[in-house]
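Engineer: This is the structure I have questions about; it appears just below.
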Amino acid sequence: MAKRKEEKRSPTLFDFIAAGEKKDEEKKPTATEPPVRQARDVSDELYAFIKKVGRASKDDVTKWAKGRGVTPSELYKALEKLLGERKLRKKLDDEGNLVYEVLG
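Reminder that position 30 of the sequence shown reads as 30 in the UniProt record's numbering, one-by-one numbering, no gaps.
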């Protein structure tokens with residue numbers, strides 16, 4: 001009796017996905033990857049800055065943040081926190097520029 005020839009199975013979409021998962025598992029963090037930076041809370045510093053100047057435009061706030069190495073996401077979170085706590089108010093000045101003012 002002759003042996004029956006086995007059929008080769010063609011690759012499927014699931015084979016491709018499973019191969020991708022194996023590659024992800026094999027990838028280990030290396031020493032060359034930069035460490036993940038933790039977000040810091042700069043709301044108190046930002047509040048002190050705006051309180052000192054009285055009224056700060058968006059440009060002034062972004063210059064202040066860049067000078068201190070604050071990321072845009074940290075700045076946004078700090079502004080939202082202060083606005084939510086009703087420590088700051090944002091409005092448009094006569095020229096249509098966004099301005100932050102201290103309340104109270």
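A virtual CB, placed ideally from N, CA and C, is assigned to each residue, including glycine. No experiment lies behind these values; they were computed from the predicted model shown.
At what residues does the alpha helix (DSSP H) containing E7 begin and finish?
Structural biologist: Counting along the chain, E7 falls outside any alpha helix (DSSP H), and DSSP gives it neither H nor E.
Engineer: Give the straight-line distance between the Cα atoms of D94 and A56, rounded to the nearest whole angstrom.
Structural biologist: 14 Å
Engineer: State the beta-bridge partners of L98 as determined by DSSP.
Structural biologist: L92, per the DSSP bridge assignment.
Engineer: Would you kindly work out how many angstroms separate the C-alpha atoms of P72 and A78, rounded to a whole number?
Structural biologist: 10 Å
Engineer: Check each candidate in G104, R4, R40, S10 and name the one with the smallest Cα separation from V70.
Structural biologist: R40
Engineer: Tell whether a beta-carbon distance below 9 Å holds between V42 and L83.
Structural biologist: no
Engineer: Cα separation between D15 and T32?
Structural biologist: The straight-line gap separating the alpha-carbon atoms of D15 and T32 is approximately 31 Å.
Engineer: What did DSSP end up calling R86 once you bin it into helix, strand or coil?
Structural biologist: coil
Engineer: Secondary structure at R68, three-state DSSP: helix, strand or coil?
Structural biologist: Correct three-state label for R68: helix.
Engineer: Drop a sphere of 10 angstroms on the beta-carbon of A65, count the other beta-carbons inside from all chains shown, and report buried for 16 or more, exposed for fewer.
Structural biologist: buried
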